[in-house]
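Each remark here refers to the structure printed beneath this line.
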Amino acid sequence: MNKHFFGDMGVMLGRSMRHILRSMDTIITVTVMPIAFMLLFVYVFGGAIQAGTDNYINYLLPGILLIAIASGISYTAFRLFTDVQRGILERFHSMPIARSTILWGHVLTSLVSNAISVAIIILVALVMGFRSSAGILPWLAVAGILALFTLALTWIAVIPGLTAKSVDGASAFSYPLIFLPLISSAFVPTESMPLIVRTFAENQPVTSIVEAIRALLSNQPVGNDIWVALAWCVGIMLVAYIFAMRAYKKRV
Amino acid sequence: MTDIAIQVKGLQKSYKNLHVLKEVDFEVEKGSIFALLGSNGAGKTTIVKILSTLLEPDGGTAAVNGFDILLKPDHIRQSISLTGQFAAVDEILTGRENLIMIARLRHLDNPYQVSDGLLKRFGLNDAADRRVSTYSGGMRRRLDITMSLVGKPQVIFLDEPTTGLDPKARIEVWKVIKELADRGTTVFLTTQYLEEAEHLADRIAILHEGRIIANGTLEELKKLFPPAKVEYVEKQPSLEEIFLAIIGKKGGSNNE
């Protein structure tokens, strides 16, 4: 490993954290939609939804957090795209730096900024009546799953960031990711869905992640879900990482 | 051998079926300004990218500061800097933060002093703590070139440094380039403006259809053509001279 790896990483991370702090609107944009979803589902649809729990917001929150992360990662694509367009990537490449820090800087920044949005949404949820009896360890496990989920989606976001032809193209890829939670057990139990939809919903990554987080937060046994969730996150991350590095090598 | 900064032999590069560089040879002396002329798409940027280790050639060899581009790219990156076709500056950071960032990435011991010194030297002191998004095109370009000077690289690549600039900003950039060469930095410049090469370069090479078809000092290139007939014509001011006279900044100035 390059002896300047950590120093260069610090500079890269410092740079994009400044970007985030100077454009707080990106954090607000990321949190507004999930919060609106939360309000809508709790106060409008919530009364009619039979989720089998007395506190619907406890049921809903995990899915809302995943939606927030899915929309948050599109800013990684946007920031990377801007670096490519402006020639900043080329400038860095012609310098004696540890090259891997360029992408990792963006990825770690995504982790930090998504953690901020997730914290804001949890605070709003607490105000709306979300309660959890979970202790420190389950909460750490939840943080770990969310961090892995963020990493997996961020590496997906790196691909359009490097290859897109326009800004719109760079961020449009995240729309299907945002809607994936809607066809899962995030909002309603899957039992009420028609067979084909139900099969999809029960076997796509969001359901197992949502179920694992929900079980952890309500102090229920997590069962198999947590392993399926981790397998999905790690698997997506590895595949996305391979394709992202391939796109990166092409770009250089 | 030691006074050669860049040496290129038989360089080749193709993009799919497009044979951009067929057989490119040239040498650049240390401390000189070398201008590579060519029309759009002639492959000037491709040569810059190869020499600055961004792109690998398909054939031929090239060395910068005595280091082979394929064998010792890390050594080359230590001793060069690249100013690409578009001002590669971070718009959200201030001018000072941009310079400090580059100084840190070049692993200098005193990034703050280095950036202070450069800001003063290039007349960016007043704007230093403003975000770059508020800079004019000329200031952006000046910051861009200033960022390339952090850490005193021995060879500087400037890819069309004045494209898109107004005449006043162009003259400012020219002054910076001349100053660099006076301090012993080797400058490799590409341009489409013949006048720019004429004004700045010690040697000029013309890239056409994948080959260097002419290479020499301005005097040598002029000798390639039959001596000009002496004609008497009324000296008309060029539009550029008129423009500069009207805005009252003839010759350019450093304060903005």
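The listed protein sequences derive, respectively, from chains A and B. Residue 252, in the working numbering, is where the first sequence stops; the numbers in between run on with no holes. Residue 1256, in the working numbering, is where the second sequence stops; the numbers in between run on with no holes. Beta carbons: idealized from backbone N, C-alpha and C, even for Gly.
DSSP three-state label for residue i, please.
i, result
"residue 1014/B", "strand"
"residue 1067/B", "strand"
"residue 1026/B", "strand"
"residue 1008/B", "strand"
"residue 219/A", "coil"
"residue 1216/B", "strand"
"residue 1086/B", "coil"
"residue 1092/B", "coil"
"residue 1185/B", "coil"
"residue 105/A", "helix"
"residue 1061/B", "strand"
"residue 162/A", "helix"
"residue 1032/B", "coil"
"residue 1019/B", "strand"
"residue 196/A", "helix"
"residue 1079/B", "helix"
"residue 1159/B", "strand"
"residue 16/A", "helix"
"residue 150/A", "helix"
"residue 22/A", "helix"
"residue 1199/B", "helix"
"residue 131/A", "coil"
"residue 141/A", "helix"
"residue 1190/B", "strand"
"residue 1205/B", "strand"
Whose C-beta lies closer than 6 Å to the C-beta of residue i among residues of the same chain, with five residues either side of it excluded?
i, result
"residue 244/A", "155, 158 and 159"
"residue 123/A", "none"
"residue 97/A", "8"
"residue 61/A", "125 and 130"
"residue 1122/B", "1142 and 1146"
"residue 1102/B", "1147 and 1150"
"residue 1104/B", "1111"
"residue 4/A", "98"
"residue 1256/B", "Because the pLDDT of residue 1256/B is 40, which lies under 50, any placement of that residue in the model is unreliable, and the number read from its coordinates should be weighed accordingly. Once the five neighbours on either side are set aside, residue 1256/B has no close Cβ partner at all."
"residue 151/A", "237"
Which residues in the same chain have their Cβ closer than 7 Å to the Cβ of residue i, if we skip the five residues on either side of it in sequence?
i, result
"residue 1073/B", "1053"
"residue 1184/B", "1031"
"residue 1067/B", "1075 and 1076"
"residue 1174/B", "1199 and 1200"
"residue 247/A", "159, 162 and 163"
"residue 19/A", "79"
"residue 1029/B", "1003, 1004 and 1005"
"residue 213/A", "62, 142 and 145"
Residues in the same chain with beta-carbon distance under 8 Å from residue i, minus the five sequence neighbours each way, listed in chain order, please.
i, result
"residue 1240/B", "1167"
"residue 1162/B", "1141, 1169, 1170, 1173, 1174, 1191, 1193 and 1196"
"residue 201/A", "183, 184, 185, 190, 193 and 207"
**Study point:** Residues from the segment 1093–1113 of chain B in contact with chain A, defined by Cβ distance under 8 Å
**Key:** The residues in question are 1093, 1097, 1101, 1102, 1104, 1105, 1106 and 1107.
Exercise for review: Give, in chain order, every residue of the segment 74–98 of chain A whose Cβ lies closer than 9 Å to some Cβ of chain B.
Suggested key: Listed in sequence order: 82, 83, 85, 86, 87, 88, 89, 90, 91, 92, 93, 94, 95, 96 and 97.
Exercise for review: Using a Cβ-Cβ cut-off of less than 7 Å, give me the residues of the segment 1150–1182 of chain B that come near chain A, in sequence order.
Suggested key: Hits within the stretch: zero.
Practice item. Could you tell me which uninterrupted alpha helix (DSSP H) segments, each at least 4 residues in length, are contained entirely in the segment 25–99 of chain A, listed from first to last along the chain? Key: Complete alpha helix (DSSP H) runs here, min 4: 25–40, 56–72, 74–86 and 88–93.
Exercise for review: Answer yes if the segment 1139–1158 of chain B comes into contact with the segment 1183–1201 of chain B, meaning at least three C-beta pairs across the two stretches below 8 Å, and no otherwise.
Suggested key: The segment 1183–1201 of chain B vs the segment 1139–1158 of chain B: in contact.
Check your understanding: If we count Cβ pairs, one from each stretch, closer than 8 Å, do we get three or more for the segment 33–42 of chain A versus the segment 110–127 of chain A?
Key -> Contact between the segment 33–42 of chain A and the segment 110–127 of chain A is present, because at least three Cβ pairs lie under 8 Å.
Check your understanding: Are the segment 1175–1183 of chain B and the segment 1002–1019 of chain B touching, with three or more C-beta to C-beta distances below 8 Å?
Key -> Judged by Cβ distances under 8 Å, the segment 1175–1183 of chain B makes no contact with the segment 1002–1019 of chain B, as fewer than three pairs qualify.
Review point. Should the segment 169–184 of chain A be regarded as contacting the segment 101–110 of chain A, the criterion being three or more beta carbon pairs within less than 8 Å?
Key: No: the two stretches stay apart, fewer than three of their Cβ pairs being nearer than 8 Å.
Practice item. Tell me, please, whether the segment 1084–1100 of chain B touches the segment 102–120 of chain A by the rule of three or more beta-carbon pairs shorter than 8 Å. Key: With a cut-off of 8 Å on Cβ pairs, the segment 1084–1100 of chain B is not in contact with the segment 102–120 of chain A, counting fewer than three such pairs.
Check your understanding: Considering only residues of the segment 1098–1150 of chain B, which uninterrupted beta strand (DSSP E) runs meet the minimum length of 3 residues and lie entirely inside it, listed in chain order?
Key -> The qualifying runs do not exist here; there are none.
Point to revise | the segment 227–245 of chain A touching the segment 77–86 of chain A, judged by at least three CB pairs closer than 8 Å | key: As far as the Cβ criterion goes, the segment 227–245 of chain A does not touch the segment 77–86 of chain A, which means the pair count is below three.
**Study point:** At least three beta-carbon pairs within less than 8 Å, the segment 107–120 of chain A to the segment 190–197 of chain A
**Key:** No: the two stretches stay apart, fewer than three of their Cβ pairs being nearer than 8 Å.
Practice item. Return the chain-ordered ranges of every alpha helix (DSSP H) run that is complete within the segment 203–250 of chain A and spans a minimum of 4 residues. Key: List check, alpha helix (DSSP H) in window: 205–217.
Point to revise | Cβ contact check for the segment 1208–1220 of chain B and the segment 1056–1063 of chain B: 3 or more pairs under 8 Å | key: With the cut-off at 8 Å, the segment 1208–1220 of chain B and the segment 1056–1063 of chain B do not touch.
Check your understanding: In the segment 212–228 of chain A, which residues sit with their C-beta less than 7 Å from some C-beta in chain B, listed in chain order?
Key -> Within the segment 212–228 of chain A, no residue has a Cβ that lies closer than 7 Å to any Cβ of chain B.
Point to revise | Members of the segment 20–45 of chain A that neighbour chain B once the beta carbon cut-off is set at 9 Å | key: Answer set for the segment 20–45 of chain A: 22 and 23.
**Study point:** Positions along the segment 105–118 of chain A whose CB lies within less than 9 Å of some CB in chain B
**Key:** For the segment 105–118 of chain A, the set of positions with a beta-carbon nearer than 9 Å to some beta-carbon of chain B is empty.
**Study point:** Proximal residues, the segment 238–252 of chain A versus chain B, C-beta separation under 9 Å
**Key:** If you check each beta-carbon in the segment 238–252 of chain A against every beta-carbon of chain B, the ones closer than 9 Å belong to 252.
Practice item. Determine which residues of the segment 1124–1143 of chain B have a Cβ less than 9 Å from any Cβ of chain A, and write them out in chain order. Key: Correct list: 1131.
Review point. According to a CB-to-CB cut-off of less than 7 Å, which residues of the segment 115–147 of chain A neighbour chain B?
Key: Of all residues in the segment 115–147 of chain A, none places a beta-carbon less than 7 Å from a beta-carbon of chain B.
Point to revise | Residues, ordered as in the chain, of the segment 5–20 of chain A that lie near chain B by beta-carbon distance below 9 Å | key: Of all residues in the segment 5–20 of chain A, 7, 8, 10, 11, 12, 14, 15, 18 and 19 have a Cβ within less than 9 Å of some Cβ in chain B.
Exercise for review: With 9 Å as the C-beta to C-beta threshold (strictly closer), list the residues of the segment 1029–1053 of chain B near chain A in chain order.
Suggested key: Under the 9 Å Cβ criterion, the segment 1029–1053 of chain B contributes 1049, 1052 and 1053.
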